[in-house]
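One structure is given here, and the rest of the page talks about it.
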Amino acid sequence: MQYLLALYVDESGWEKMTPEQQKQGTGAYMAYAEALKSAGVLVNSNRLRPSATATTMRTTNGKTQVLDGPFADSKEQLAGYYLIDVADLDAAMTWAGRCPAVQHGVVEVRAIWTM
Amino acid sequence: MHEQAHNLAEAVARNSRAKLVAFLAAGSGDLAAAEDALSDAFATALSLWPAEGCPANPEAWLLTVARRRLIDHLRRQREIPSSDDLEQLAELSDFAGAGAAPAEDDLPDRRLALLFACTHPAIDPVVRAPLMLQVVLGLEAAQIASSFLVSPAAMAQRLVRAKTKIRDARIPFRVPNRSELPDRLDAVLDSIYACYSEGWAEAAGTDVARRELAGEAIFLGRLLVELLPNEPEVWGLLALMLYAEARRPARRRADGEFVPFTQQDRRLWDQGMIDEADSALRRASSGETIGRLLIGRFQLEAAIQSAHVEGARTGSAPWSSIVGLYDALVQLTGSPVASINRALALAEVQGTGAALKSLDGVSADPRIHSYQPYWAVRANLLARTGLNDQARHAYEIAIGLERDPVVRRYLEQVRDALPGGLAS
Numbered sequence: 469m470q471y472l473l474a475l476y477v478d479e480s481g482w483e484k485m486t487p488e489q490q491k492q493g494t495g496a497y498m499a500y501a502e503a504l505k506s507a508g509v510l511v512n513s514n515r516l517r518p519s520a521t522a523t524t525m526r527t528t529n530g531k532t533q534v535l536d537g538p539f540a541d542s543k544e545q546l547a548g549y550y551l552i553d554v555a556d557l558d559a560a561m562t563w564a565g566r567c568p569a570v571q572h573g574v575v576e577v578r579a580i581w582t583m
Numbered sequence: 003m004h005e006q007a008h009n010l011a012e013a014v015a016r017n018s019r020a021k022l023v024a025f026l027a028a029g030s031g032d033l034a035a036a037e038d039a040l041s042d043a044f045a046t047a048l049s050l051w052p053a054e055g056c057p058a059n060p061e062a063w064l065l066t067v068a069r070r071r072l073i074d075h076l077r078r079q080r081e082i083p084s085s086d087d088l089e090q091l092a093e094l095s096d097f098a099g100a101g102a103a104p105a106e107d108d109l110p111d112r113r114l115a116l117l118f119a120c121t122h123p124a125i126d127p128v129v130r131a132p133l134m135l136q137v138v139l140g141l142e143a144a145q146i147a148s149s150f151l152v153s154p155a156a157m158a159q160r161l162v163r164a165k166t167k168i169r170d171a172r173i174p175f176r177v178p179n180r181s182e183l184p185d186r187l188d189a190v191l192d193s194i195y196a197c198y199s200e201g202w203a204e205a206a207g208t209d210v211a212r213r214e215l216a217g218e219a220i221f222l223g224r225l226l227v228e229l230l231p232n233e234p235e236v237w238g239l240l241a242l243m244l245y246a247e248a249r250r251p252a253r254r255r256a257d258g259e260f261v262p263f264t265q266q267d268r269r270l271w272d273q274g275m276i277d278e279a280d281s282a283l284r285r286a287s288s289g290e291t292i293g294r295l296l297i298g299r300f301q302l303e304a305a306i307q308s309a310h311v312e313g314a315r316t317g318s319a320p321w322s323s324i325v326g327l328y329d330a331l332v333q334l335t336g337s338p339v340a341s342i343n344r345a346l347a348l349a350e351v352q353g354t355g356a357a358l359k360s361l362d363g364v365s366a367d368p369r370i371h372s373y374q375p376y377w378a379v380r381a382n383l384l385a386r387t388g389l390n391d392q393a394r395h396a397y398e399i400a401i402g403l404e405r406d407p408v409v410r411r412y413l414e415q416v417r418d419a420l421p422g423g424l425a426s
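Next up, the structure:
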């Protein structure tokens with residue numbers, strides 16, 4: 469069963485970090501991705517550009533509206549994801565718990581709707 | 003004949019339901035489908051058994067019928083079955099053999115895994131106890147709703163949501179391993195105790211659904227000691243519930259008025275239940291369960307109940323020991339509720355002044371100010387110190403916070419009996 473681990477973090481945190489801290493942070497994520505790969509559970513993962521670069525679209529009264537910015541106006545923004553393939557929610561939660569993002573943000577675990 | 007068949011179906015429904023639901027749902031995680039299939043099977047039993055006679059192995063008979071229903075359901079659900087569906091079908095069919103009913107002993111017991119699924123950390127804590135009551139015991143949403151003081155529609159919605167999550171997010175039906183067990187078991191125990199407390203909170207004794215809830219909780223407690231006989235806290239919880247339940251007949255006078263513990267007629271206590279509680283508590287601390295490090299919350303609370311029961315029997319409660327048990331409970335749980343009860347025990351050992359002082363320590367917690375027992379205990383201690391005006395004020399607040407009219411009436415009587423009050 470596939471699960472999406474969606475990472476929500478406070479983006480301003482990154483800019484406030486020293487280059488040394490940033491390097492450490494990147495290292496933690498790389499190690500995590502490596503662990504997912506070697507366990508054979510990683511399907512795919514990506515880091516997203518900051519939410520300031522987001523564009524949100526919806527249709528109101530038949531008219532397409534475009535908004536400059538992310539959908540949700542919250543401190544924590546979607547910053548990246550891991551798509552993993554594991555047996556059940558317990559396994560997905562175990563992996564989510566190891567994700568560096570739980571130290572400085574939140575990780576949402578969502579089951580993929582198999583068609 | 004008809005009645006006999008009916009009674010047998012009811013008995014199997016009660017005793018085997020959890021086992022059958024657990025088995026039917028374990029593969030797909032689809033509790034709702036398993037429950038539907040099982041109720042179909044029960045309905046079929048009620049229509050066939052009176053005419054055709056009761057089967058030799060009713061549990062296996064029900065399983066066979068329910069399994070067919072479930073297979074039909076899974077086939078109908080999708081035109082192209084997913085690999086998960088096929089797995090589930092294969093497992094169910096394997097078990098069906100050539101349609102022969104399996105012997106009862108062959109049916110894997112997945113009830114424990116079911117209890118852990120219902121109390122999984124990914125399930126909202128407020129719905130865990132209701133979910134257990136519905137899935138394991140088969141209670142209707144409306145019945146559960148009235149006990150938990152929410153509307154039937156809201157309860158039904160919560161239950162559907164929880165079952166959907168178990169199925170779609172694939173919460174596994176499995177017994178946690180050693181390292182996870184303590185935390186996961188706490189969730190099961192807390193949920194069972196929540197069922198019991200809801201049943202116990204019904205003070206008037208007239209709300210049958212809620213009174214029965216206490217009985218259901220004890221049923222779950224007995225089931226859990228059967229499934230996890232080496233866990234001390236499981237025995238502790240059972241003991242605690244039985245001590246409380248044993249005193250239920252003495253909690254009300256014949257006219258329905260509230261009777262505080264110290265004034266209860268202990269001839270009304272259920273001695274059989276007290277004996278069972280005693281032996282459960284002994285079992286909790288016996289050699290068979292030793293090796294688990296710390297004494298738990300439920301054992302401590304049961305030990306306190308045991309001391310009170312012993313005290314009522316001998317005429318003098320071992321107050322120092324009771325304070326010691328409360329000390330341990332406060333340290334373990336940090337619960338202000340435990341601190342409040344500790345104050346009452348402390349009053350017997352060190353006097354009401356010391357007890358009031360210890361209560362002041364609790365009042366820093368803002369939640370406590372809307373907690374009725376805090377004010378009732380405070381009022382009691384103030385009255386015993388002779389501070390009647392302050393006691394009256396504290397009773398006033400306790401009365402204002404109490405939702406049960408019977409308890410409210412009792413508190414009003416105590417308040418009115420305080421010396422120096424204005425005649426009302």
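Just so you know, the sequences run in chain order L and Z. If you count by the numbering used here, then the first sequence holds residues 469 to 583, one letter each, in order. If you count by the numbering used here, then the second sequence holds residues 3 to 426, one letter each, in order. Just so it is clear, CB atoms sit at the ideal spot from N, CA and C, and this is done for glycine as well. Note that the coordinates shown come from a computational prediction; the quantities given were computed from them, not determined experimentally.
Subject >> Residue from Z:L331, Z:A319, Z:I401 whose Cα sits closest to the Cα of N382 of chain Z >> reply: One-based indexing of the second sequence puts residue 382 of chain Z at position 380. Taking only the C-alpha atoms, the option nearest N382 of chain Z is Z:I401.
**OP:** Could you check what DSSP says for M525 of chain L in three-state terms: helix, strand or coil?
**Re:** As a first step, residue 525 of chain L is located in the first sequence; it is residue number 57 there, counting from the start. The answer is strand: DSSP assigns M525 of chain L an E or B state.
Subject >> Cβ contact (3+ pairs, closer than 8 angstroms) linking the region 39-52 of chain Z and the region 10-26 of chain Z >> reply: yes
Original post:
So R112 of chain Z and A189 of chain Z are in contact, right, with Cβ under 8 angstroms, and what is the actual spacing, rounded?
Top reply: Here the question's residue 112 of chain Z lines up with position 110 in the second sequence. Here the question's residue 189 of chain Z lines up with position 187 in the second sequence. Actually they are not in contact, since the Cβ atoms of R112 of chain Z and A189 of chain Z sit about 18 angstroms apart, beyond 8 angstroms.
**OP:** Return no unless some Cβ of chain L is closer than 8 angstroms to the Cβ of D170 of chain Z.
**Re:** Taking the second sequence and counting its residues from 1, the one referred to as residue 170 of chain Z is at position 168. Chain L contact via Cβ: present.
Subject >> Contact list for I125 of chain Z against chain L, beta-carbon separation under 8 angstroms >> reply: As a first step, residue 125 of chain Z is located in the second sequence; it is residue number 123 there, counting from the start. Going along chain L, no residue has its Cβ under 8 angstroms from I125 of chain Z, so there is no contact; the nearest lies around 10 angstroms.
Original post:
Can you name the residues that DSSP bridges to R254 of chain Z?
Top reply: Here the question's residue 254 of chain Z lines up with position 252 in the second sequence. Looking at the DSSP assignment, R254 of chain Z forms a beta bridge with Z:F260.
Original post:
If you draw a straight line from the alpha carbon of P375 of chain Z to that of Y397 of chain Z, how long is it in whole angstroms?
Top reply: For the purposes of this step, residue 375 of chain Z is identified with residue 373 of the second sequence, where counting begins at 1. For the purposes of this step, residue 397 of chain Z is identified with residue 395 of the second sequence, where counting begins at 1. Approximately 10 angstroms, taken between the alpha carbons.
Original post:
If you run the structure through DSSP and keep just helix, strand and coil, what is R249 of chain Z?
Top reply: Taking the first residue of the second sequence as position 1, residue 249 of chain Z is located at position 247. Of the three classes helix, strand and coil, the one that applies to R249 of chain Z here is coil, per DSSP.
Original post:
Which residues in the same chain have their Cβ closer than 6 angstroms to the Cβ of A196 of chain Z, if we skip the five residues on either side of it in sequence?
Top reply: Here residue 196 of chain Z is taken as the residue at index 194 of the second sequence, counted from 1. Result list for A196 of chain Z: A131, in chain order.
Original post:
Which residue's Cα is closest to the Cα of R517 of chain L: L:P538, L:K543, L:T486, L:M583?
Top reply: Translated into the one-based positions of the first sequence, residue 517 of chain L becomes position 49. Among L:P538, L:K543, L:T486, L:M583, the Cα nearest to that of R517 of chain L belongs to L:P538.
**OP:** Tell me, please, whether the CB atom of A174 of chain Z is closer than 8 angstroms to any CB atom in chain L?
**Re:** For the purposes of this step, residue 174 of chain Z is taken as residue 172 along the second sequence, with counting starting at 1. It should be noted that the sequence gives Pro, not Ala, for residue 174 of chain Z. Closer than 8 angstroms to some Cβ of chain L, the Cβ of P174 of chain Z qualifies, so yes.
Original post:
Roughly how many angstroms lie between the CA atoms of A98 of chain Z and T66 of chain Z, to the nearest whole one?
Top reply: Taking the first residue of the second sequence as position 1, residue 98 of chain Z is located at position 96. Taking the first residue of the second sequence as position 1, residue 66 of chain Z is located at position 64. A caution first: A98 of chain Z carries a pLDDT of 47, below 50, which makes its placement in the model unreliable, though a value can still be read off. So the two alpha carbons sit approximately 7 angstroms from each other.
Original post:
Taking 8 angstroms as the CB-CB limit, is D558 of chain L close to chain Z?
Top reply: Mapped onto the first sequence, residue 558 of chain L falls at position 90. Yes, because at least one Cβ of chain Z sits closer than 8 angstroms to the Cβ of D558 of chain L.
Subject >> Residue from Z:T387, Z:E414, Z:I297 whose Cα sits closest to the Cα of I399 of chain Z >> reply: Within the second sequence, the letter at position 397 stands for residue 399 of chain Z. Closest by alpha carbon: Z:E414.
Subject >> Buried versus exposed call for R16 of chain Z [16 or more other C-beta atoms within 10 Å across all chains shown] >> reply: Reading the second sequence from its first residue, position 14 is the one you call residue 16 of chain Z. Burial call: exposed.
Subject >> Close-in-space but distant-in-sequence residues of the same chain around V261 of chain Z (CB under 7 angstroms, 5 per side omitted) >> reply: Counted from its first residue, the second sequence places residue 261 of chain Z at position 259. Here the set comprises A252, R253, R254, R255.
Subject >> E479 of chain L, enclosing alpha helix (DSSP H) - first and last residue >> reply: Mapped onto the first sequence, residue 479 of chain L falls at position 11. Looking at the DSSP string, E479 of chain L is not in any alpha helix (DSSP H), and its letter there is neither H nor E.
Subject >> Per-residue contacts from A579 of chain L into chain Z (C-beta, under 8 angstroms) >> reply: Here residue 579 of chain L corresponds to residue number 111 of the first sequence, with the count starting at 1. Near A579 of chain L (Cβ distances below 8 angstroms), the residues of chain Z are D170, A171, R172.
Original post:
Does the beta carbon of A35 of chain Z sit closer than 8 angstroms to a beta carbon anywhere in chain L?
Top reply: Taking the first residue of the second sequence as 1, we reach residue 35 of chain Z at position 33. Closer than 8 angstroms: no.
Original post:
Do you know whose CA, among Z:L76, Z:R180, Z:L50, lies nearest L64 of chain Z's CA?
Top reply: Position 62 of the second sequence, counting from 1, holds the residue named residue 64 of chain Z. Minimum Cα distance to L64 of chain Z is reached at Z:L50.
Subject >> CB contact check: M469 of chain L to chain Z, cutoff 8 angstroms >> reply: Translated into positions along the first sequence, residue 469 of chain L becomes position 1. Closer than 8 angstroms to some Cβ of chain Z, the Cβ of M469 of chain L qualifies, so yes.
Subject >> Endpoints, the beta strand (DSSP E) within which Q533 of chain L is located >> reply: Locating residue 533 of chain L in the first sequence gives position 65, counting from the first residue. Per DSSP, Q533 of chain L belongs to the beta strand (DSSP E) from 531-536.
Original post:
Counting pairs of Cβ atoms below 8 angstroms between the region 226-246 of chain Z and the region 383-392 of chain Z, do you hit three or more?
Top reply: no
Original post:
So what does DSSP say about G336 of chain Z, is it helix, strand or coil?
Top reply: Within the second sequence, residue 336 of chain Z is the residue found at index 334, counting from 1. Coil.
Original post:
Which one or two residues does DSSP pair with I552 of chain L in a beta bridge?
Top reply: For this step, residue 552 of chain L is matched to residue 84 along the first sequence. L:Y471, L:L510.
Original post:
Is it the case that the Cβ atoms of G573 of chain L and L472 of chain L are separated by a distance below 8 angstroms?
Top reply: Translated into positions along the first sequence, residue 573 of chain L becomes position 105. Translated into positions along the first sequence, residue 472 of chain L becomes position 4. Not in contact: G573 of chain L and L472 of chain L (Cβ atoms no closer than 8 angstroms).
Subject >> Whole-angstrom distance between L346 of chain Z and A357 of chain Z, CA atom to CA atom >> reply: Mapped onto the second sequence, residue 357 of chain Z falls at position 355. Mapped onto the second sequence, residue 346 of chain Z falls at position 344. Roughly 7 angstroms between the two C-alpha positions.
Original post:
Which one or two residues does DSSP pair with A579 of chain L in a beta bridge?
Top reply: By 1-based counting over the first sequence, the position of residue 579 of chain L is 111. L:Y471, per the DSSP bridge assignment.
Original post:
Considering only C-alpha positions, which residue in the set Z:L151, Z:V162, Z:L114, Z:A115 is nearest to Q136 of chain Z?
Top reply: Taking the first residue of the second sequence as 1, we reach residue 136 of chain Z at position 134. Closest by alpha carbon: Z:V162.
Original post:
With A448 of chain Z and H75 of chain Z assumed to form a contact (beta carbons below 8 angstroms), what rounded beta-carbon distance in angstroms separates them?
Top reply: The requested residue 448 of chain Z is not part of the displayed model; chain Z covers only 3 to 426.
**OP:** For the alpha helix (DSSP H) containing M134 of chain Z, list its first residue and its last residue.
**Re:** To locate residue 134 of chain Z, count along the second sequence from 1; it is residue 132. Start and end: 127-139.
Original post:
Can you tell me the Cα-Cα spacing of K505 of chain L and L26 of chain Z, whole angstroms?
Top reply: The residue labelled residue 505 of chain L in the question sits at position 37 within the first sequence. The residue labelled residue 26 of chain Z in the question sits at position 24 within the second sequence. Those two C-alpha atoms are separated by around 35 angstroms.
Original post:
Using DSSP with H/G/I as helix, E/B as strand and the rest coil, what is L546 of chain L?
Top reply: The residue given as residue 546 of chain L occupies position 78 in the first sequence. Reduced to three states, the DSSP call for L546 of chain L is strand.
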